[in-house]
Amino acid sequence: MPKINIRRILYVMLWVLLATGTLTLLVSAYAKNQTKKCTDLYIQIDGPNNHFFVDKQDVIKVIRKYAGNKVEGKLINSFKLQNIEKELEKNPWISKAVLYFDIKGRLNAELEEREPVARLFTTDGQTFYIDQEANVLPLSNEHLAEVPIFTGFSGNLQKLNKSDLGLMQSIRYMSLYIQQDSFLNTMIDQVTINTKNQFELVPSLGKQEILFGDTTDLAKK
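Per my numbering, the very first residue in the sequence shown carries number -15; after that it's consecutive.
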């Protein structure tokens, strides 16, 4: 007659009980989440200098587009959070959008706003900002970013070529350098881009212009 291993049987029974308990808790949590409702909406917008070109009301409109006008009281499992995030990130001023529900059922929308580093004026009368990655950002009717101004940009915004993109990177580089130097930031009124895509500095004092060239050896120049 085979010897019965009591310890092994107890060990197996313990694991079966633990697995059953875990499964019960998971089922209970899932059932609870199926009936849990949104209690509140909280929107947080972060930006390096808190320009807030992103309006909270615009964020609410996007959320309501997918969740309906009444967000509070709506079942949590009915929210399509990824779809809302993708829609929010279509806004050129939003670099990242993260939506989640906390333990209290509050819907949190955390947004990162892009940082404008330069304002460009084109030869055909258009104007726009660019950010740290040289992405094109539209102007706002309510806010103005105090950044270096570059005039004479000849690129077509609807169809930027390789040369245009390279020039925008140079503009970004020069603008950041100017802003990091308090003397330059005060003395340079604007930067003109000539027909050879060279930079000409326009000081805030005097009528002369300084032919700077490109950004090669920028610090030495």
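Every residue, glycine too, gets a C-beta built ideally from N, C-alpha and C.
Reference residue i, options the options, closest by Cα
i	options	result
Val175	Phe167, Gln164 and Leu195	Leu195
Val131	Ser62, Ser166, Asp24 and Leu149	Ser166
Leu189	Leu168, Leu121 and Glu96	Leu168
Lys191	Leu202, Leu59, Met171 and Tyr113	Met171
Val46	Ile68, Val38, Tyr26 and Phe36	Ile68
Gly136	Asn125, His127 and Leu185	Leu185
Gly74	Leu2, Thr179, Lys88 and Val120	Per the sequence shown, the amino acid found at residue 74 is Lys instead of Gly. That would be Val120, whose Cα lies nearest to the Cα of Lys74.
Arg98	Ala203, Ile60, Glu56 and Ala129	Ala129
Gln41	Asn53, Lys180 and Pro32	Asn53
Lys58	Leu91, Lys204 and Gly139	Leu91
Lys180	Phe105, Gln164 and Ser138	Ser138
Ile89	His127, Ile27, Thr23 and Gln116	The identity of residue 89 in the sequence shown is Gly, whereas the question assumes Ile. Residue Thr23 is the option with its Cα nearest to Gly89.
Glu126	Asp39, Leu25, Leu2 and Gly31	Asp39
Arg103	Gly31, Glu94, Ala118 and Ala93	Ala118
Pro32	Thr106, Gln153 and Glu96	Glu96
Tyr161	Ile177, Glu71 and Leu202	Leu202
Pro100	Asp198, Gln163 and Thr200	Gln163
Met158	Trp77, Gly197, Asn145 and Lys146	Gly197
Ile155	Phe105, Lys143, Asp86 and Ala51	Phe105
Leu65	Tyr84, Lys204 and Lys146	Tyr84
Three-state secondary structure assigned by DSSP to residue i
i	result
Leu189	coil
Leu202	coil
Identified DSSP bridge partners for residue i
i	result
Phe85	Leu91
Arg183	The question names Arg, yet the displayed sequence has Phe at residue 183. In DSSP, Phe183 forms a bridge with Ile177 and Gly197.
Residue i CB to nearest heavy atom of the ligand FAD below 7 Å
i	result
Lys20	This structure simply doesn't include the ligand FAD, nor any ligand for that matter.
**OP:** Could you name each continuous alpha helix (DSSP H) segment of 4 residues or more that falls completely within the region 100 to 176, going from the start of the chain to the end?
**Re:** 146 to 164 and 166 to 171
Subject >> Runs of alpha helix (DSSP H) lying entirely within the region 12 to 80, each at least 4 residues, in chain order >> reply: Contiguous alpha helix (DSSP H) elements confined to the region 12 to 80 occur at 40 to 51 and 65 to 72, taking only those with 4 or more residues.
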